[in-house]
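J.: Under this note's numbering, the first residue of the sequence shown is numbered 252, with each subsequent residue one higher.
By construction, the Cβ of each residue, glycine as well, lies at the ideal position given by its N, Cα and C atoms.
Just so you know, these numbers come straight off a predicted model, no measurement behind them.
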Amino acid sequence: MEIQISFQTETPRIERRKIEKALEKILEDLGCHDRELSVLFTDDEHIAALNKQYLGRMGPTNVLAFPMEDPHDETTVSPMLGDVVISLDTAARESVESGESFDETVRRLLIHGILHLLGFDHERSEGEAREMEQEELRLKNLVQNL
252 MEIQISFQTE TPRIERRKIE KALEKILEDL GCHDRELSVL FTDDEHIAAL
302 NKQYLGRMGP TNVLAFPMED PHDETTVSPM LGDVVISLDT AARESVESGE
352 SFDETVRRLL IHGILHLLGF DHERSEGEAR EMEQEELRLK NLVQNL
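1) Can you tell me where the beta strand (DSSP E) holding Gly333 begins and where it ends?
2) Write down the C-beta distance between Asp321 and Leu393 rounded to the nearest angstrom, noting that I regard them as a contact closer than 8 Å.
3) What residue range is occupied by the uninterrupted alpha helix (DSSP H) comprising Gln385?
4) Per DSSP, what kind of secondary structure is Ser352 in: helix, strand or coil?
5) Span of the beta strand (DSSP E) holding Leu288?
6) For Gln259 and chain C, any beta-carbon pair shorter than 7 Å?
7) Roughly how many angstroms separate the alpha carbons of Arg344 and Arg359, rounded to a whole number?
8) Hey, quick one: how far does the alpha helix (DSSP H) through Leu278 stretch, first residue to last?
9) At the level of alpha carbons, what is the spacing between Val335 and Leu366?
10) Rounded to the nearest angstrom, how far is the Cβ of Leu274 from that of Leu361, given a contact under 8 Å?
This is how it looks when you write it as structure tokens:
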């Protein structure tokens, strides 16, 4: 398992080792122990540019996921799972709004992004949204004490 974590913004609030431990536990649980993952922590300005460029959506978002393969096509398996991009600006706002700690919010967004890489999609149907929400809760409980 190879995990690459990059910061495009200054943040003294994230402990890289805690993030790595959470990601290792999540990927292992999901059966992705032999996959590679890239995570970029950035700001609202950069994630808004990516959101517009790749999804045609205006403004910042909390997390973007870029899978390296079609999760519904089992004939091609890349060692690289994909890229997850998280806006720490948006994460900080969501943390305040939700009452979660900043670390909890970041872990929730990491889980959300990884599930998107694996083909979960909360926008396709209510049933898929419920399924994704249940899996997010299960994984959140798995890493809550790290």
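T.: The answer reads as follows:
1) First-last of the beta strand (DSSP E) with Gly333: Met331 to Ser338.
2) That belief does not hold up - the Cβ atoms of Asp321 and Leu393 are roughly 26 Å apart, past 8 Å.
3) That run of the alpha helix (DSSP H) goes Glu377 to Val394.
4) In this structure, Ser352 counts as coil in the three-state DSSP scheme.
5) Per DSSP, Leu288 belongs to the beta strand (DSSP E) from Glu287 to Thr293.
6) Protein chain content of the structure displayed is limited to a single chain, and chain C is not contained in it.
7) Arg344 and Arg359 have their C-alpha atoms roughly 14 Å apart.
8) Element bounds for Leu278: Arg267 to Asp280.
9) Leu366 has its alpha-carbon roughly 10 Å from the corresponding atom of Val335.
10) Sure, about 6 Å apart at Cβ, within 8 Å.
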